[in-house]
Amino acid sequence: MADPIKNSINDFTPLEQHLLNDYQHDMSLSATPYADMAQRLNVSEEEVLQCLQSLQDRGVISRIGPVFSPNRIGVSTLAAMAVPEQDLECVARIISAFPEVNHNYQREHDYNLWFVVTASSAEHLDIVLHEIEQHAEYPLMSLPMLDDYFIDLGFKLKTHAHK
Amino acid sequence: MNMAELNKQVLQITTEDRALIKAVQRGLPICSRPYAEIAKQLDTTEQDVISRLQLLMDKGAIKRYGVVVRHKELGYTANGMVVWDIPDDKVDEIGICIGKYSSVTLSYRRPRRLPEWSYNLFTMIHGSSREEVKQKVEEIVASCGLQDVKHTILFSTRRFKQRGASYSAEQAPAKKAAKLHLIKNTGKQKTPAN
Chain X
10 MADPIKNSIN DFTPLEQHLL NDYQHDMSLS ATPYADMAQR LNVSEEEVLQ CLQSLQDRGV
70 ISRIGPVFSP NRIGVSTLAA MAVPEQDLEC VARIISAFPE VNHNYQREHD YNLWFVVTAS
130 SAEHLDIVLH EIEQHAEYPL MSLPMLDDYF IDLGFKLKTH AHK
Chain H
35 MNMAELNKQV LQITTEDRAL IKAVQRGLPI CSRPYAEIAK QLDTTEQDVI SRLQLLMDKG
95 AIKRYGVVVR HKELGYTANG MVVWDIPDDK VDEIGICIGK YSSVTLSYRR PRRLPEWSYN
155 LFTMIHGSSR EEVKQKVEEI VASCGLQDVK HTILFSTRRF KQRGASYSAE QAPAKKAAKL
215 HLIKNTGKQK TPAN
């Protein structure tokens, strides 16, 4: 890649570096995925389990498992609102209370509140967007994804040890 | 995109698969036989869990399968949503070009909403500081030939909510409306239960 990022990856042990870098995609669907990793990395399964648990407890990894494709098992959209500063906190709470909202960020722009809404069908999504607008009392701009140009191979960490 | 088009991409998911998706969307258990553990919760067999996940993968429901790292905890504390106003006939090519950078984690085409919103390409760029994100944007501008393209960086200043997409069944609308009514009326200090 053209722009490797230097960071604190070298603070991690060699085993942690391998677990963080080598299994972000194409992890096998074997009944014993962690024993498979252990075999490949030449350590015990117990070491792999402990190491992954520790990475998860420290918040370095959020989870191990599937990342679902957008708009395949449900539909989603990115929504934006322009909310005056004094109402922002309250409106953000109202929006976050919807179970269909899974990301909600303040960003520096006239459109200062950005959130992702996910629902089981386009009809359901429409209803939720309408409800959000009604409760928030500000107009909502919906920007559904039209094309996905990103091939998700995870997030490559630059290491000395990595081959 | 209209509703019919949006629905066209959505797979028909059985009740059993919905339950499976719900069981795995927050991650596999970290134990010797994780699928056996999930099978126990769903009252099925380890092999059934594995084959149904394989089927979801084959149908394109799963984009990536493995370790999901958190950017922030790895020192990438600044994230900028960079939005670009790209001529329609160039957006595919440029979206792919930007999507190849290792600091980029999303590259989506979205509709314009004129006159308020003219940007049609959304990319997420991570860095250890705002300066680093800005520098990366400059690099991308130079190498993808975007000198004449209008763009802006929307840095996030506060995270109100962040969790993996939840695809579980919808709440009863009446109950939800009542809950929201309560939040609104009890004023600005009360924290709603999530």
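First to last, the sequence lines map onto chains X and H.
Numbers given in the working numbering equal positions in the first sequence, counted from 1, plus 9.
Numbers given in the working numbering equal positions in the second sequence, counted from 1, plus 34.
Glycine residues also receive a C-beta, built at the ideal position from the N, C-alpha and C atoms.
Whole runs of the beta strand (DSSP E) within the region 45 to 75 of chain H, excluding any shorter than 3 residues: none
First through last residue of the beta strand (DSSP E) which encompasses S71 of chain X: For the purposes of this step, residue 71 of chain X is taken as residue 62 along the first sequence, with counting starting at 1. S71 of chain X -> beta strand (DSSP E) spans I70 to F77.
Reference L64 of chain X, options X:G163, X:H139, X:L152 and X:F21, closest by Cα: Within the first sequence, the letter at position 55 stands for residue 64 of chain X. It is X:F21.
Alpha carbon to alpha carbon, how far is R52 of chain H from N41 of chain H? Translated into the one-based positions of the second sequence, residue 52 of chain H becomes position 18. Translated into the one-based positions of the second sequence, residue 41 of chain H becomes position 7. Rounded to whole angstroms, R52 of chain H to N41 of chain H spans 17 angstroms at the Cα level.
With H, G and I counted as helix, E and B as strand and the rest as coil, what does DSSP make of R104 of chain H? On the second sequence, position 70 is the one that residue 104 of chain H refers to. Of the three classes helix, strand and coil, the one that applies to R104 of chain H here is coil, per DSSP.
For N154 of chain H, which of helix, strand or coil comes out of DSSP? Sequence index remark: in the second sequence, residue 154 of chain H carries index 120 (1-based). Coil.
Residues of chain H with a CB under 7 angstroms from the CB of E161 of chain X: which are they? Residue mapping note: residue 161 of chain X aligns to position 152 of the first sequence, counting from 1. Note that residue 161 of chain X is Asp in the sequence shown, not Glu. Per Cβ cutoff of 7 angstroms: K97 and R98.
What is the rounded straight-line gap between the Cα of I187 of chain H and the Cα of I160 of chain X? Reading the second sequence from its first residue, position 153 is the one you call residue 187 of chain H. Reading the first sequence from its first residue, position 151 is the one you call residue 160 of chain X. So the two alpha carbons sit approximately 22 angstroms from each other.
Those runs of the alpha helix (DSSP H) which lie wholly inside the region 79 to 118 of chain X and span at least 4 residues: 94 to 105
If you compare alpha carbons, which of H:V44, H:E172 and H:I128 is closest to K93 of chain H? As a position in the second sequence, residue 93 of chain H is number 59, starting the count at 1. Closest option to K93 of chain H, Cα to Cα, is H:V44.
Contact with chain X by I55 of chain H, beta-carbon distance below 8 angstroms: As a first step, residue 55 of chain H is located in the second sequence; it is residue number 21 there, counting from the start. Closer than 8 angstroms: yes.
So what's Q196 of chain H in DSSP terms, helix, strand or just coil? Sequence index remark: in the second sequence, residue 196 of chain H carries index 162 (1-based). DSSP places Q196 of chain H in strand when its eight states are reduced to three.
How many whole angstroms separate the CB atoms of Y153 of chain H and V117 of chain H, which I take to be in contact at a CB cut-off of 8 angstroms? Translated into the one-based positions of the second sequence, residue 153 of chain H becomes position 119. Translated into the one-based positions of the second sequence, residue 117 of chain H becomes position 83. So it is a contact: roughly 4 angstroms between Cβ atoms.
What does the Cβ neighbour count give for G68 of chain X, buried or exposed, with the cut at 16 atoms within 10 Å? As a working mapping, residue 68 of chain X is identified with position 59 in the first sequence. Flag for G68 of chain X reads exposed.
If we count the other Cβ atoms within 10 Å of its Cβ and call it buried at 16 or more, is H139 of chain X buried or exposed? For this step, residue 139 of chain X is matched to residue 130 along the first sequence. H139 of chain X should be labelled exposed.
Does any residue of chain X have a CB that is nearer than 8 angstroms to the CB of C178 of chain H? Stepping through the second sequence from its first residue, residue 178 of chain H is reached at position 144. Taking Cβ atoms only, chain X never reaches closer than 8 angstroms to C178 of chain H, which makes this a no.
Do T139 of chain H and M158 of chain H count as a contact pair if the criterion is CB distance below 8 angstroms? Here the question's residue 158 of chain H lines up with position 124 in the second sequence. Here the question's residue 139 of chain H lines up with position 105 in the second sequence. Cβ atoms of M158 of chain H and T139 of chain H: closer than 8 angstroms.
Candidates X:P93, X:A44 and X:E25: closest to C60 of chain X by CA position: By 1-based counting over the first sequence, the position of residue 60 of chain X is 51. Per the Cα distances, X:E25.
Within 8 angstroms of any Cβ in chain X, is that where the Cβ of P149 of chain H sits? In the second sequence, residue 149 of chain H corresponds to position 115, counting from 1. Taking Cβ atoms only, chain X never reaches closer than 8 angstroms to P149 of chain H, which makes this a no.
Could you tell me the alpha carbon to alpha carbon distance between T41 of chain X and P68 of chain H, rounded to whole angstroms? Translated into the one-based positions of the first sequence, residue 41 of chain X becomes position 32. Translated into the one-based positions of the second sequence, residue 68 of chain H becomes position 34. If you take the alpha carbons of T41 of chain X and P68 of chain H, they lie about 7 angstroms apart.
Can you check whether the C-beta of G171 of chain H is within less than 8 angstroms of a C-beta belonging to chain X? The sequence position of residue 171 of chain H within the second sequence is 137, counting from 1. The residue you asked about is not Gly; residue 171 of chain H is Val in the sequence shown. For V171 of chain H, the answer is no, since every Cβ of chain X falls outside 8 angstroms of its Cβ.
Does the Cβ-Cβ distance between L38 of chain X and I96 of chain H come in under 8 angstroms? As a position in the first sequence, residue 38 of chain X is number 29, starting the count at 1. As a position in the second sequence, residue 96 of chain H is number 62, starting the count at 1. No, they are not a contact pair.
Bounding residues of the alpha helix (DSSP H) (the contiguous stretch that carries S151 of chain X): The residue given as residue 151 of chain X occupies position 142 in the first sequence. Not the alpha helix (DSSP H): S151 of chain X falls in the beta strand (DSSP E), residues M150 to L152.
Compute the distance between the beta-carbons of Y32 of chain X and G100 of chain H, then report whether it is under 8 angstroms. Indexing the first sequence from 1 puts residue 32 of chain X at position 23. Indexing the second sequence from 1 puts residue 100 of chain H at position 66. Cβ distance < 8 angstroms, so Y32 of chain X and G100 of chain H count as in contact.
With 8 angstroms set as the bound, which would you pick, yes or no: does the beta-carbon of Q48 of chain X sit closer than that to a beta-carbon of chain H? Residue mapping note: residue 48 of chain X aligns to position 39 of the first sequence, counting from 1. It does not: the Cβ of Q48 of chain X has no partner Cβ on chain H nearer than 8 angstroms.
Rounded to whole angstroms, what is the Cα-Cα separation between T48 of chain H and I82 of chain X? In the second sequence, residue 48 of chain H corresponds to position 14, counting from 1. In the first sequence, residue 82 of chain X corresponds to position 73, counting from 1. Their Cα atoms are separated by approximately 10 angstroms.
Does the beta carbon of P145 of chain H come closer than 8 angstroms to any beta carbon on chain X? Here the question's residue 145 of chain H lines up with position 111 in the second sequence. Answer yes: the Cβ-Cβ gap between P145 of chain H and chain X drops below 8 angstroms somewhere.
In angstroms, rounded to a whole number, what distance separates the CA positions of Q169 of chain H and A57 of chain H? One-based indexing of the second sequence puts residue 169 of chain H at position 135. One-based indexing of the second sequence puts residue 57 of chain H at position 23. The alpha-carbon atoms of Q169 of chain H and A57 of chain H are separated by roughly 40 angstroms.
Kindly say whether A131 of chain X, judged by its beta-carbon, lies nearer than 8 angstroms to any beta-carbon of chain H. Your numbering for residue 131 of chain X matches position 122 in the first sequence. Yes, its Cβ sits closer than 8 angstroms to a Cβ of chain H.
What is the residue span of the beta strand (DSSP E) that S141 of chain H lies within? Numbered from its first residue, the second sequence carries residue 141 of chain H at position 107. Taken as a continuous stretch (DSSP letters only), the beta strand (DSSP E) holding S141 of chain H covers V138 to R143.
Using alpha carbons as the reference points, say which of X:L29, X:A88, X:S129 and X:E55 lies closest to E142 of chain X. Translated into the one-based positions of the first sequence, residue 142 of chain X becomes position 133. It is X:A88 whose Cα lies nearest to the Cα of E142 of chain X.
Where does N41 of chain H sit, in a helix, a strand or coil, going by DSSP? In the second sequence, the residue the question calls residue 41 of chain H occupies position 7. Correct three-state label for N41 of chain H: helix.
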